[in-house]
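A.B. asks: I'd like to ask some things about the structure below.
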Amino acid sequence: MNRLGGYRVQGKTETTANEVLEDALSLQEAGAFSVVLELIPAELAKKITKVLDIPTIGIGAGVHCDGQVQVFHDMLGLDPDFRPRHSGEYATLAPIIKDALVRYGQDVGAGTFPTDAQSFFSDESRVMPPIRNALEPDN
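Numbers given in the numbering used here equal positions in the sequence shown, counted from 1, plus 8.
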């Protein structure tokens with residue numbers, strides 16, 4: 009039913025609510041195994057959930073859907089400048105991630121990462137002589 013996109017609530021009038029309901033019924037009749045109801049009034053989602061024989065998954069559609077889904081970027085607070093109204097924020101990870109990336113860049117720039125603990129080494133008795141021979145310039 010992704011016909012319009014964006015963050016606008018659909019199905020707010022009787023006409024558009026009936027269109028959303030008809031679309032959901034059409035999807036069911038076409039063989040869909042479930043329907044995602046996104047950004048529609050909760051009472052419309054409740055009605056659609058009651059009418060359909062297939063599960064409804066809601067995102068910004070109230071509590072009466074058979075299941076819920078969220079965009080993990082929103083629920084983990086990865087964008088400090090954007091949080092949709094319908095999203096629950098369960099963490100604010102943006103500053104933690106930014107700090108980790110800054111420290112990583114500093115360590116790489118300073119030559120302190122990777123250390124031997126993050127590096128791999130060959131069994132010198134079997135591998136190193138052929139590698140050394142391959143790297144030596146021809147005399």
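Glycine included, C-beta positions come from ideal geometry on N, C-alpha and C.
With a CB to CB cut of under 8 Å and the five nearest residues on each side skipped, what residues in its chain are close to glutamine 76?
C.D. replies: Excluding sequence neighbours, glutamine 76 sits near Ile65, Gly66 and Ile67.
A.B. asks: Where leucine 47 and glycine 113 are concerned, what is the direct C-alpha to C-alpha distance, given to the nearest angstrom?
C.D. replies: Cα to Cα, leucine 47 sits roughly 40 Å from glycine 113.
A.B. asks: What is the residue span of the beta strand (DSSP E) that leucine 45 lies within?
C.D. replies: It spans 43-46 - the beta strand (DSSP E) in which leucine 45 sits, taken as one unbroken run.
A.B. asks: Flag this pair as yes or no: are the beta carbons of alanine 69 and leucine 45 separated by less than 8 Å?
C.D. replies: It is a contact, given that the beta carbons lie within the stated cut-off.
A.B. asks: Could you tell me if leucine 109 is buried or exposed, where buried requires 16 or more neighbouring beta carbons within 10 angstroms of its beta carbon?
C.D. replies: Classification of leucine 109: exposed, given that the 10 Å Cβ count is below 16.
A.B. asks: Rounding to the nearest angstrom, what Cα-Cα distance links alanine 50 and threonine 21 in this structure?
C.D. replies: Their Cα atoms are separated by approximately 13 Å.
A.B. asks: Using three-state DSSP, classify threonine 64 as helix, strand or coil.
C.D. replies: Strand.
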